[in-house]
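A.B. asks: Residue 0 is where the sequence shown starts when you use numbering that gives the first Met the number 0, and the numbers rise one by one after that.
Structure in structure tokens, see below.
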Amino acid sequence: MVKYFSNDVDIRTSWDHVVSAFWQRYPNPFSTHVLTEDVVFREVTVDQRLLSRRLLTKTNRMPRWAEFLFPSNLSRSVYIVEDSVVDPVTKSLTTYTWNLNHTTLMTVEERCVFQEDRPAFTLLRREAWISSGVYGFSRPIQEFGLARFKSNQVKAMKGLEYALSNLHGEAPQRQPCVRDTVKTATEKAKTLASAAAPQKQPQQYV
């Protein structure tokens, strides 16, 4: 079973400005758990879409109860792959992220779409799939992963607003989530993809 999360957020800022801020999110005071970010692939296609793959390193602090279940030498960092497609024609930025390590403990896959909604507005639609392969403990691990994901996505929004304020001198206004649903899914909506070598074009997931 997989935990599923989705929400929509209206950002009162033009899509062009949101995309510019997206690439300048880190570092920011709300995302201190993000340690590094590196671009491993980037290409502009013949139809003018920008394809990118980035590798991010984040801290991976476990809850106290989990420390009794897993080795003390378990890495406290998690490596994240982020594939993205910027389409200037449809005015959309789509990202797909997933973790490379600790996949037996927990896998978190996220898909975000930043879409021009109307003049000076951008709609962010965020989805996440959280699963665990630990027999007998998958449910509490997934619940913990879901709670942490929801906390981190709030920080991510604050970080984006921080980047926007640096670009334009003031933070944008945003409306509360239109939809915020959590449900158990019977299967994953996407299959994990292997990380491509930096010199190869990444597979498109979006």
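Note that the Cβ used here is the ideal one computed from N, Cα and C, for glycine as well.
Keep in mind it's a predicted model, so treat the numbers as computed, not measured.
1) Consult DSSP for W14 and reduce its assignment to one of helix, strand or coil.
2) What is the DSSP secondary structure of C176, reduced to helix, strand or coil?
3) Within the present structure, is the beta-carbon of T31 separated from the nearest heavy atom of the ligand NAD by less than 7 Å?
4) Checking 8 Å against the spacing of the C-beta atoms, do L34 and T12 come in under that value?
5) Inspect the beta-carbon positions of T106 and S130 and report whether they are closer than 8 Å.
6) Can you tell me where the alpha helix (DSSP H) holding L104 begins and where it ends?
7) If you count every other CB in all the chains shown that lies within 10 Å of the CB of V85, and 16 or more means buried, which is it?
8) What does the alpha-carbon distance come out to for the pair Q141 and V38?
9) Starting from N165, trace the alpha helix (DSSP H) both ways and give me its first and last residue.
10) Looking only at DSSP bridge pairs, what is K57 linked to?
C.D. replies: With the structure as the only source:
1) Counting from one through the sequence shown, the residue named residue 14 turns up at place 15. W14 falls in the helix class under three-state DSSP.
2) To locate residue 176, count along the sequence shown from 1; it is residue 177. Because the pLDDT of C176 is 42, which lies under 50, any placement of that residue in the model is unreliable, and the question is left without a value.
3) Although the ligand NAD was asked about, the structure shown includes no ligands whatsoever.
4) Here residue 34 refers to the residue found at position 35 of the sequence shown. Here residue 12 refers to the residue found at position 13 of the sequence shown. In this structure, L34 sits away from T12, with a CB-CB distance that is not shorter than 8 Å.
5) Counting from one through the sequence shown, the residue named residue 106 turns up at place 107. Counting from one through the sequence shown, the residue named residue 130 turns up at place 131. Taking 8 Å as the Cβ cut-off, T106 and S130 qualify as a contacting pair.
6) The sequence position of residue 104 within the sequence shown is 105, counting from 1. L104 -> no alpha helix (DSSP H), and no H or E assigned at all.
7) Within the sequence shown, residue 85 is the residue found at index 86, counting from 1. With 16 or more other Cβ atoms within 10 Å, it is buried.
8) The sequence position of residue 141 within the sequence shown is 142, counting from 1. The sequence position of residue 38 within the sequence shown is 39, counting from 1. So the alpha carbons of these two residues sit roughly 29 Å apart.
9) Numbered from 1 along the sequence shown, position 166 holds the residue referred to as residue 165. S137 to H167 is the extent of the alpha helix (DSSP H) around N165.
10) For the purposes of this step, residue 57 is taken as residue 58 along the sequence shown, with counting starting at 1. Looking at the DSSP assignment, K57 forms a beta bridge with V33 and V77.
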